[in-house]
Each structure stands twice: as structure tokens, then as C-alpha cells.
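J.:
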Amino acid sequence: MEQEYRNGRALLGLIRFLHRYLLLNGCDLALILADVYHPKNA
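Take 152 as the starting number for the sequence shown in the working numbering and just add one per residue.
Next up, the structure:
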């Protein structure tokens with residue numbers, strides 16, 4: 152993702168979508184795992 156788009160809004164939108172989806176489907180727990188990859192030449 153380009154630097155100018157790394158402002159947190161994309162993540163916030165994904166979390167809001169996931170929250171609504173899980174609530175509508177009767178889920179009360181979600182486990183979210185993340186891995187950060189930083190290329191050496193970036």
C-alpha cells in the first residue's frame with residue numbers, strides 16, 4: 152500500500168465491516184491475526 156494511503160481509514164472500514172458482519176451472523180467472538188512484512192529495499 153502506498154505511503155499516502157496508510158492513514159488508518161482502510162483498517163477502520165474493514166473493522167467496521169467485520170463487526171457488522173459478525174453481529175448479523177450471530178458471532179460474539181473474532182480472533183484477528185496480523186503479520187507485518189517490511190521489504191528490505193522499500
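We put the beta carbon where it would ideally sit given N, CA and C, even for glycine.
Fair warning: this is a prediction, and the values are worked out from it, not measured in the lab.
Can you check whether the C-beta of residue 174 is within less than 8 Å of a C-beta belonging to chain B?
T.: Considering every chain present, this structure includes no chain B. It has just one protein chain.
J.: May I ask which residues mark the beginning and end of the alpha helix (DSSP H) holding residue 164?
T.: On the sequence shown, residue 164 is found 13 positions in, with the first residue counted as 1. Run containing residue 164: 160-175, per the alpha helix (DSSP H) assignment.
J.: CB residue 181 to CB residue 173, shorter than 8 Å?
T.: Walking along the sequence shown from the start, residue 181 turns up at place 30. Walking along the sequence shown from the start, residue 173 turns up at place 22. Yes, Cβ-Cβ distance for residue 181 and residue 173 is below 8 Å.
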